[in-house]
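Participant:
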Amino acid sequence: MSEKINLTIDGREIQGDPGQTILEAAEAAGIYIPRLCHLKGLTPFGSCRICTVIVNGRPQAACTQPIAEGMYVENDTEEVREMRGDLIDMLFVEGNHFCMFCEKSGNCELQALAYRFGITAPQYPYMFPTRDVDASHPDILIDRNRCILCGRCVRASRDVDGKHIFDFVGRGPEKRIAVNAEADLAGTNAEASDRALEVCPVGALLRKRVGYAVPVGQRRYDTEPIGSDIENGGGNG
Amino acid sequence: MSERQTADVRGICRTYHRDPGRLIDIVRDVQAQSGCVAGATIDAIARELGVHRVEVESTVSFYAFLSQEPQGRVVIRLCDDIIDEMNGSAGVAEAFREELGIDFGETTPDGKITLEWTPCIGMCDQAPAALVNDVVFPNLSREVARTIVRGLREHLMPQRLIQHYGDGNNAHDLVQSAVSNNIRQQGPVVFAPMPAGEAIRLALAMNPVEVIRQVKTSRLRGRGGAGFPTGMKWEFTRNAAGGQRYLLCNADEGEPGTFKDRVILTERSDLLFEGMTIAGYAIGADTGILYLRAEYAYLRRFLEHMLQERRRQELLGKGICGHEGFDFDIRIQMGAGAYVCGEETALINSCEGFRGDPRNRPPFPAQEGYRGCPTSVNNVETLCCAARILQKGASWFAQLGSSGSTGTKLLSVSGDCMRPGIYEVPFGIKIAEVLDLCGAPEAHAVQIGGPSGQMLGQDGFGRTICYDDVATGGAFMIFGRERDVVYIAAKFLDFFVEESCGYCTPCRVGNVLLKDSLDRILGGRGEPRDLDLLQRLGKTVKACSRCGLGQTSPNPVLTTLEHFRGEYEARLQMPTNGRRASFDIQAALTEATRITSRSRGER
Chain A
41 MSEKINLTID GREIQGDPGQ TILEAAEAAG IYIPRLCHLK GLTPFGSCRI
91 CTVIVNGRPQ AACTQPIAEG MYVENDTEEV REMRGDLIDM LFVEGNHFCM
141 FCEKSGNCEL QALAYRFGIT APQYPYMFPT RDVDASHPDI LIDRNRCILC
191 GRCVRASRDV DGKHIFDFVG RGPEKRIAVN AEADLAGTNA EASDRALEVC
241 PVGALLRKRV GYAVPVGQRR YDTEPIGSDI ENGGGNG
Chain B
2 MSERQTADVR GICRTYHRDP GRLIDIVRDV QAQSGCVAGA TIDAIARELG
52 VHRVEVESTV SFYAFLSQEP QGRVVIRLCD DIIDEMNGSA GVAEAFREEL
102 GIDFGETTPD GKITLEWTPC IGMCDQAPAA LVNDVVFPNL SREVARTIVR
152 GLREHLMPQR LIQHYGDGNN AHDLVQSAVS NNIRQQGPVV FAPMPAGEAI
202 RLALAMNPVE VIRQVKTSRL RGRGGAGFPT GMKWEFTRNA AGGQRYLLCN
252 ADEGEPGTFK DRVILTERSD LLFEGMTIAG YAIGADTGIL YLRAEYAYLR
302 RFLEHMLQER RRQELLGKGI CGHEGFDFDI RIQMGAGAYV CGEETALINS
352 CEGFRGDPRN RPPFPAQEGY RGCPTSVNNV ETLCCAARIL QKGASWFAQL
402 GSSGSTGTKL LSVSGDCMRP GIYEVPFGIK IAEVLDLCGA PEAHAVQIGG
452 PSGQMLGQDG FGRTICYDDV ATGGAFMIFG RERDVVYIAA KFLDFFVEES
502 CGYCTPCRVG NVLLKDSLDR ILGGRGEPRD LDLLQRLGKT VKACSRCGLG
552 QTSPNPVLTT LEHFRGEYEA RLQMPTNGRR ASFDIQAALT EATRITSRSR
602 GER
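Note that the protein sequences, when read in sequence, are chains A and B.
Under this note's numbering, the first residue of the first sequence carries the number 41, and numbering increases by one thereafter.
Under this note's numbering, the first residue of the second sequence carries the number 2, and numbering increases by one thereafter.
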């Protein structure tokens with residue numbers, strides 16, 4: 041076993057292993073750093089920026105920044121919480137998120153984060169973009185209205201499923217998820233069993249005919265805020 | 002897709018050895034041949050390169066000069082810079098519209114001519130300007146615009162419409178451009194003569210570590226804007242693990258208001274190639290890549306020729322200057338219209354045929370850059386400085402400029418002044434002195450470093466241009482009293498919205514929100530709370546964005562708020578009777594009235 045690395049997160053001294061990111065080391069120590077694009081088992085991506093922390097005075101994404109000896113990390117401070125709140129707001133106003141009838145409600149990580157941050161309505165004006173829905177595939181639905189461009193499906197399809205069904209096209213506000221076919225998802229080799237479907241944090245990639253199976257009150261984030269498993273588990277995450 | 006077209010695509014892919022890393026070159030060539038890259042063509046390219054079609058589409062859809070819609074055989078791209086606007090681009094645009102009978106973003110019904118807006122093409126000193134395919138038309142007027150269209154209708158050959166060539170190498174047989182250099186002040190670093198090979202021979206007399214030490218001693222810092230110490234960058238690259246190394250030269254000069262690299266590439270390419278070769282020797286690279294922005298394609302043949310000349314003089318190739326074991330050559334990589342590719346990791350992605358999304362760091366390019374190998378990415382001007390340092394010595398260079406900022410800096414001066422153009426000035430010069438040099442006694446505001454830099458007012462004209470005070474990649478845009486700084490800030494935000502890669506949330510969304518808020522204020526619907534919102538949003542976008550684009554994009558708003566707050570406040574409305582000025586009830590109802598087919602007031 042190689043040497044441990046010492047760092048401080050919000051005044052708490054923790055130890056991590058060489059090669060770990062701040063997010064991983066924090067998680068192993070039972071500290072939750074909010075995130076959306078990051079998912080264990082997928083290549084760190086650094087796109088949502090929700091996991092932004094202040095490292096020795098400089099903002100960094102905790103999911104891509106490796107730990108270093110003596111690092112001083114600010115995670116749960118007012119300044120950081122405020123920025124994260126802004127980012128969550130941005131994701132809401134950028135798309136068309138209708139929680140009340142979305143089948144991902146209660147299991148949606150974006151919604152759960154908003155609850156954790158006490159956001160009941162975004163402070164910025166909604167953009168109401170026009171986005172496509174692709175229902176061509178017999179078993180899978182893509183609703184780009186709810187997509188937050190986290191790239192989880194892109195990475196899972198490419199690296200886990202070995203298919204490369206999804207990728208980004210366009211840039212800036214026009215950026216969107218595209219599929220590996222000229223027309224639509226039906227033209228790809230996507231299957232309902234693909235890992236890419238499971239990893240969507242919101243209701244943008246859905247299996248058909250399985251929605252609303254769990255009653256309200258028993259859904260994943262109905263009883264405990266997102267991140268509780270990490271905070272209560274005190275490790276492994 | 003016909004068999005002939007498939008064969009063409011196959012041929013183009015084979016020219017580039019079916020290397021997916023050359024995808025940008027491939028799709029540029031395909032587009033030049035068939036006017037767009039779409040549908041079955043994308044499938045054919047993907048098949049030929051052994052990649053997924055969505056990967057090809059991902060790259061094609063990223064770049065402004067590539068199109069999935071059929072384009073005309075000639076594309077007119079009118080520069081939409083603020084400086085062009087101040088010089089009458091609106092009238093030029095109107096003339097193009099009328100003469101062509103189409104609007105921007107459209108193609109003539111005969112499929113021959115497409116009209117588009119484009120961000121800065123590096124011609125602010127001779128604005129308004131347009132690109133017609135690769136040909137630059139500077140100093141446009143309504144009349145000239147009409148003449149261009151009439152000429153194109155006859156023969157679709159923009160080059161034939163150039164009647165007068167610019168000065169210097171603009172008139173070279175392989176350039177034949179109407180562009181002028183506008184070199185107003187020559188300095189000892191970039192514009193002094195350099196006998197071909199002199200600096201290389203002096204470098205080769207040392208070992209690479211000594212060359213790096215020279216550059217470190219000179220305290221040269223990157224001239225692109227970020228100001229990283231060049232010697233240190235070379236040292237990291239040289240010392241990184243791995244056999245193959247690369248030297249990349251960033252000639253993706255996209256910061257609006259900057260055009261110094263255009264002039265260096267036209268008049269001092271020898272000095273640049275000298276610097277690239279020395280850098281290659283220092284870091285241990287055998288390959289250099291000049292990443293040339295698509296807007297400067299008119300210089301490509303000339304630059305290829307200059308490279309060929311240097312190969313002939315044994316200044317490139319195997320055993321350079323008879324130095325056994327030092328092999329180095331340079332290839333030109335064309336860009337395809339994306340400002341963000343000026344960010345070094347985005348530039349590397351683009352060189353590898355990908356979208357120009359910046360990469361996560363670490364790893365830094367010095368560790369893992371182009372094709373996973375240690376790579377140094379340096380600005381055009383930086384490499385010129387490096388060559389001069391090897392020729393004249395580190396201490397000679399270090400005595401120029403100021404203590405923390407050694408050497409000279411090229412400024413690209415444009416806007417409300419009598420002598421726009423290139424000025425080579427020593428670091429430490431006061432802004433007021435530059436205004437004197439270029440003849441701008443009436444200056445009200447100066448945008449230094451382009452939109453990503455800062456807007457200063459008269460109270461800031463005593464400040465100095467150097468890394469410790471006002472740092473700049475070289476843009477120096479001057480605005481007179483009649484100009485509206487809030488409008489200019491909004492215009493710059495437009496640019497960032499257009500050029501954001503969209504990878505990270507704060508830049509993709511935050512810039513749009515900043516722009517919307519500015520538009521509200523400009524439209525007379527802003528409230529005091531809007532200024533707080535701008536401040537807060539600007540701070541979040543700067544702090545949380547992944548790369549330099551988003552980390553600087555709020556600067557136009559934040560620096561104008563700091564120095565010209567009064568101009569914002571004068572436009573604000575106080576909420577009356579509990580009604581928020583920002584809420585436009587008519588606009589809010591438009592969609593609903595359209596859907597219900599009712600006109601307002603009906604029940």
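Don't be surprised by glycine CBs; every beta carbon is placed ideally from N, CA and C.
Since the structure is predicted, the reported quantities are computational estimates derived from the model, not experimental observations.
Give me the DSSP bridge partner(s) of Leu-293(B).
Facilitator: One-based indexing of the second sequence puts residue 293(B) at position 292. Answer is Ala-252(B) and Met-335(B), bridged to Leu-293(B).
Participant: Alpha carbon to alpha carbon, how far is Asp-358(B) from Cys-502(B)?
Facilitator: To locate residue 358(B), count along the second sequence from 1; it is residue 357. To locate residue 502(B), count along the second sequence from 1; it is residue 501. So the alpha carbons of these two residues sit roughly 6 Å apart.
Participant: Just list the residues that DSSP pairs Ala-218(A) with in beta bridges.
Facilitator: Here the question's residue 218(A) lines up with position 178 in the first sequence. Its beta-bridge partners are Asp-207(A).
Participant: Could you give the first and the last residue of the continuous beta strand (DSSP E) run that contains Leu-76(A)?
Facilitator: Within the first sequence, residue 76(A) is the residue found at index 36, counting from 1. Here Leu-76(A) belongs to no beta strand (DSSP E), and DSSP marks it neither H nor E.
Participant: By the 10 Å Cβ neighbour count, where 16 or more other Cβ atoms means buried, how is Asp-129(A) classified, buried or exposed?
Facilitator: As a first step, residue 129(A) must be located in the first sequence, where it is residue number 89. Classification of Asp-129(A): buried, given that the 10 Å Cβ count is 16 or more.
Participant: For Gly-257(A), which residues in the same chain have their Cβ closer than 6 Å to its Cβ, ignoring the five residues on either side in sequence?
Facilitator: Position 217 of the first sequence holds residue 257(A). Contacts found: none.
Participant: Of all Cβ atoms in chain B, is any one closer than 9 Å to the Cβ of Gly-158(A)?
Facilitator: Within the first sequence, residue 158(A) is the residue found at index 118, counting from 1. False, the Cβ-Cβ gap to chain B never drops below 9 Å.
Participant: Short of 9 Å Cβ to Cβ, which residues in the segment 162-176 of chain A face chain B?
Facilitator: Against chain B - using a Cβ distance shorter than 9 Å - the residues of the segment 162-176 of chain A are Gln-163, Tyr-164, Pro-165, Met-167 and Phe-168.
Participant: Taking the alpha-carbon of Asn-380(B) as reference, which of Asp-253(B), Ala-367(B), Asp-460(B) and Gly-454(B) has the nearest alpha-carbon?
Facilitator: Residue numbering aside, residue 380(B) sits at position 379 when the second sequence is read from its first letter. Nearest C-alpha to Asn-380(B): Asp-253(B).
Participant: Might you give, ordered along the chain, the residues of its own chain that have their beta carbon closer than 6 Å to the beta carbon of Asp-183(A), omitting 5 neighbours on each side?
Facilitator: In the first sequence, residue 183(A) corresponds to position 143, counting from 1. Only Val-173 and Ala-244 meet the Cβ criterion.
Participant: So, is the C-beta of Glu-184(A) closer than 9 Å to a C-beta in chain B?
Facilitator: Taking the first residue of the first sequence as 1, we reach residue 184(A) at position 144. Note that residue 184(A) is Arg in the sequence shown here, rather than Glu. Chain B, which has no Cβ nearer than 9 Å to the Cβ of Arg-184(A), makes this no.
Participant: Cutting at 7 Å between CB atoms, please list the residues of its own chain near Lys-492(B), excluding the five before and the five after it.
Facilitator: Within the second sequence, numbered from 1, the residue matching residue 492(B) stands at position 491. Cβ neighbours of Lys-492(B) beyond the five flanking positions: Ile-83.
Participant: From Asp-417(B) to Tyr-166(A), what does the alpha carbon distance come to, in whole angstroms?
Facilitator: Mapped onto the second sequence, residue 417(B) falls at position 416. Mapped onto the first sequence, residue 166(A) falls at position 126. For Asp-417(B) and Tyr-166(A), the distance between alpha carbons rounds to 38 Å.
Participant: In chain order, what are the residue ranges of uninterrupted alpha helix (DSSP H) at least 4 long that sit wholly in the segment 227-252 of chain B?
Facilitator: Counting only runs of 4 or more, we get 231-240.
Participant: Run through chain A and tell me which residues come within less than 8 Å of Gly-1(B), C-beta to C-beta.
Facilitator: Missing from the structure shown is residue 1(B); chain B here goes from 2 to 604 and no further.
Participant: What's the gap between the Cα of Glu-500(B) and the Cα of Ala-128(B)?
Facilitator: Locating residue 500(B) in the second sequence gives position 499, where the first residue counts as 1. Locating residue 128(B) in the second sequence gives position 127, where the first residue counts as 1. Roughly 21 Å between the two C-alpha positions.
Participant: May I ask you to report which of helix, strand or coil DSSP gives Tyr-252(A)?
Facilitator: Translated into positions along the first sequence, residue 252(A) becomes position 212. Coil at Tyr-252(A), not helix or strand.
Participant: Which class does Asp-81(B) belong to by DSSP, given the choice of helix, strand or coil?
Facilitator: Counting from 1 along the second sequence, the entry for residue 81(B) is found at position 80. Looking at Asp-81(B) - three-state DSSP - the assignment turns out to be coil, as it is neither helix nor strand.
Participant: So, does the CB of Gly-275(A) fall closer than 9 Å to a CB anywhere in chain B?
Facilitator: In the first sequence, counting from the first residue as 1, residue 275(A) sits at position 235. Residue placement at Gly-275(A) is poorly supported in this model, since its pLDDT is 46, which falls under 50; the coordinates are not used for a value here.
Participant: Does any residue of chain B have a CB that is nearer than 9 Å to the CB of Ile-107(A)?
Facilitator: Numbered from its first residue, the first sequence carries residue 107(A) at position 67. No, Ile-107(A) lies away from the interface with chain B (no Cβ there is under 9 Å from its Cβ).
Participant: What does the Cβ neighbour count give for His-53(B), buried or exposed, with the cut at 16 atoms within 10 Å?
Facilitator: Along the second sequence, one-based indexing puts residue 53(B) at 52. Buried, since its Cβ has 16 or more Cβ neighbours within 10 Å.
Participant: When you compare the CB positions of Val-133(B) and Pro-159(B), do they come within less than 9 Å of one another, or not?
Facilitator: To locate residue 133(B), count along the second sequence from 1; it is residue 132. To locate residue 159(B), count along the second sequence from 1; it is residue 158. Going by C-beta atoms, Val-133(B) is nearer than 9 Å to Pro-159(B).
Participant: For Gln-536(B) and Asp-469(B), I'd like the C-alpha separation in whole angstroms.
Facilitator: Taking the first residue of the second sequence as position 1, residue 536(B) is located at position 535. Taking the first residue of the second sequence as position 1, residue 469(B) is located at position 468. Spanning the two alpha carbons is a distance of roughly 24 Å.
Participant: Assign Met-140(A) to one of three DSSP states: helix, strand, or coil.
Facilitator: Taking the first sequence and counting its residues from 1, one reaches residue 140(A) at position 100. It is helical.
Participant: For Ser-404(B) and Pro-427(B), what's the separation of their Cα atoms in angstroms?
Facilitator: Mapped onto the second sequence, residue 404(B) falls at position 403. Mapped onto the second sequence, residue 427(B) falls at position 426. Computed Cα separation, rounded: 11 Å.
Participant: Pick from Glu-118(A), Leu-79(A) and Pro-106(A): whose alpha carbon is nearest that of Asp-50(A)?
Facilitator: The residue you call residue 50(A) lines up with position 10 of the first sequence. Selected option, being the one with the closest Cα: Glu-118(A).
Participant: Output the distance between the C-alpha atoms of Gly-275(A) and Thr-263(A), rounded to the nearest integer angstrom.
Facilitator: Numbered from 1 along the first sequence, position 235 holds the residue referred to as residue 275(A). Numbered from 1 along the first sequence, position 223 holds the residue referred to as residue 263(A). Bear in mind that the predicted position of Gly-275(A) carries a pLDDT of just 46, short of 50, making it too unreliable to give a figure here.
Participant: So Pro-106(A) and Thr-160(A) are supposed to be a Cβ contact under 8 Å. How far apart are they, rounded?
Facilitator: Position 66 of the first sequence, counting from 1, holds the residue named residue 106(A). Position 120 of the first sequence, counting from 1, holds the residue named residue 160(A). About 36 Å; that fails the 8 Å criterion.
Participant: Work out the CA separation of Asn-272(A) and Arg-156(A) for me, nearest whole Å.
Facilitator: The residue given as residue 156(A) occupies position 116 in the first sequence. The residue given as residue 272(A) occupies position 232 in the first sequence. Straight-line Cα distance between these residues: approximately 15 Å.
Participant: With a threshold of 9 Å between beta-carbons, can Phe-63(B) be considered close to chain A, or not?
Facilitator: Taking the second sequence and counting its residues from 1, one reaches residue 63(B) at position 62. Phe-63(B) counts as touching chain A.
Participant: Using a Cβ cut-off of 7 Å, pull out every chain B residue sitting near Lys-215(A), in sequence order please.
Facilitator: As a position in the first sequence, residue 215(A) is number 175, starting the count at 1. Near Lys-215(A) (Cβ distances below 7 Å), the residues of chain B are Gly-503 and Arg-509.
Participant: What does Pro-99(A) reach in chain B if we use C-beta pairs closer than 7 Å?
Facilitator: If you number the first sequence from 1, residue 99(A) lands on position 59. Ala-544 and Cys-545, listed in chain order.
Participant: Taking the alpha helix (DSSP H) that Asp-687(B) falls in, what are its first and last residues?
Facilitator: Residue coverage of chain B in this structure runs from 2 to 604, which leaves residue 687(B) outside it and unanswerable.
Participant: Whole angstroms are fine: how far does the CA of Gln-69(B) sit from the CA of Arg-11(B)?
Facilitator: Translated into the one-based positions of the second sequence, residue 11(B) becomes position 10. Translated into the one-based positions of the second sequence, residue 69(B) becomes position 68. So the alpha carbons of these two residues sit roughly 19 Å apart.
Participant: Report yes or no: is there a C-beta of chain B within less than 9 Å of the C-beta of Glu-134(A)?
Facilitator: Your numbering for residue 134(A) matches position 94 in the first sequence. Interface residue, yes.
Participant: Relative to the C-alpha of Val-486(B), which candidate in Thr-148(B), Leu-562(B) and Cys-505(B) has its C-alpha closest?
Facilitator: In the second sequence, counting from the first residue as 1, residue 486(B) sits at position 485. Ranking Thr-148(B), Leu-562(B) and Cys-505(B) by Cα distance to Val-486(B) puts Leu-562(B) first.
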